[in-house]
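Engineer: With the working numbering applied, the sequence shown corresponds to residues 1285 to 1493, in that order.
Backbone N, C-alpha and C define an ideal beta-carbon position, used for all residues, glycine too.
Take this structure, written in structure tokens, and hold onto it; I'll ask about it next.
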Amino acid sequence: MNYFTSKTAEQLTLVSISHAREGKAGELKKACLDLIEKTRQEEGAISYHLYEDREDPCQFIFHEIWANEALWKKHTQSEHLQAFRARRDELTDRKPVLQRWERSEAPNPVIVPDSLVLFAYNRNKGNTEKEWQKILEDLIAPTLAEKGALHYELHVSKDDPKDFMFHETWQTVEDWNAHMAAPHLISLVGILDQYTENGITVIKTKPID
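Here you go:
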């Protein structure tokens, strides 16, 4: 299967990470939630979901899929996003992170209460990014066949093709633990030092909306 096409190249997927000041997590969460309904109604908004870090309750992550960059740029000028940005310094304790990705062909992300949603990052080393991308693509089919695998898509950075990320949804933590013991994952772990700079960094989250 060709996971990356002209369609995926045109789309823009964003991961936006905000971290609340001490005592402001509730306010930041509400401010993020207030964006959702209006943003989903905008032209070009394919998918727009909010997650909370399971290990750091002050950290909130949006995963956004836009039909193209022009429509996302139009969104950045919307009244509701401008209002959110006007409050951001008051609510957050660090500069927000905005990552630009091309996502593999896949159904839109699913939101299942109490599921485990992962953002799993790695960076290729050397000049082997195309070979490494094919290795990562080959994980998709066997992983989606596993018990509890609700969603699994590969992302390639639009800014640096050596950066990769999997966006994954698992029914339970136990299902993900079993996935980590699957033969195709064990094989991957065995070549991480060969192909990546620092292995895999995982952010574990839970869906909010």
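Is it the case that the Cβ atoms of residue 1326 and residue 1359 are separated by a distance below 7 Å?
Structural biologist: yes
Engineer: Can residue 1488 and residue 1402 be called in contact, C-beta distance under 7 Å?
Structural biologist: yes
Engineer: Are the beta-carbon atoms of residue 1420 and residue 1300 separated by less than 7 Å?
Structural biologist: no
Engineer: What span of residues does the alpha helix (DSSP H) with residue 1309 cover, start to end?
Structural biologist: 1309-1324
Engineer: Cβ atoms of residue 1438 and residue 1388: under 7 Å apart, would you say?
Structural biologist: It is a contact, given that the beta carbons lie within the stated cut-off.
Engineer: Residues bridged to residue 1288 by DSSP?
Structural biologist: DSSP, once it has assigned bridges, lists no residue as partnering residue 1288.
Engineer: First and last residue of the alpha helix (DSSP H) that includes residue 1357?
Structural biologist: 1353-1360
Engineer: Could you tell me the distance, in whole angstroms, from the CA atom of residue 1349 to the CA atom of residue 1302?
Structural biologist: 18 Å
Engineer: Quick check on the burial criterion: 16 or more other C-beta atoms within 10 angstroms. Buried or exposed for residue 1304?
Structural biologist: buried
Engineer: Provide the residue(s) that pair with residue 1479 in DSSP beta bridges, ordered along the chain.
Structural biologist: The partner list for residue 1479 (beta bridge, DSSP) is empty, contrary to what the question assumes.
Engineer: When you compare only the Cα positions, how much space is there between residue 1430 and residue 1456?
Structural biologist: 12 Å
Engineer: So, for residue 1480: in the same chain, excluding its five sequence neighbours on each side, which residues have a beta-carbon less than 7 Å away from its beta-carbon?
Structural biologist: 1406, 1407, 1408 and 1409
Engineer: Leaving out the 5 sequence neighbours to the left and right, which residues in its chain are closer than 8 Å to residue 1485 when beta-carbon positions are compared?
Structural biologist: 1404, 1405 and 1406
Engineer: Going by DSSP, what residue range makes up the beta strand (DSSP E) through residue 1471?
Structural biologist: Here residue 1471 belongs to no beta strand (DSSP E); instead the alpha helix (DSSP H) covers 1467-1473.
Engineer: Please report how far the alpha carbon of residue 1306 lies from the alpha carbon of residue 1290, in whole angstroms.
Structural biologist: 43 Å
Engineer: Hey, which unbroken runs of the alpha helix (DSSP H) at 4 residues or more fall wholly within the segment 1374-1428?
Structural biologist: 1413-1421 and 1424-1428
Engineer: Using the C-alpha atoms, what's the distance from residue 1426 back to residue 1298?
Structural biologist: 26 Å
Engineer: Between which two residues does the beta strand (DSSP E) harbouring residue 1437 extend?
Structural biologist: 1433-1441
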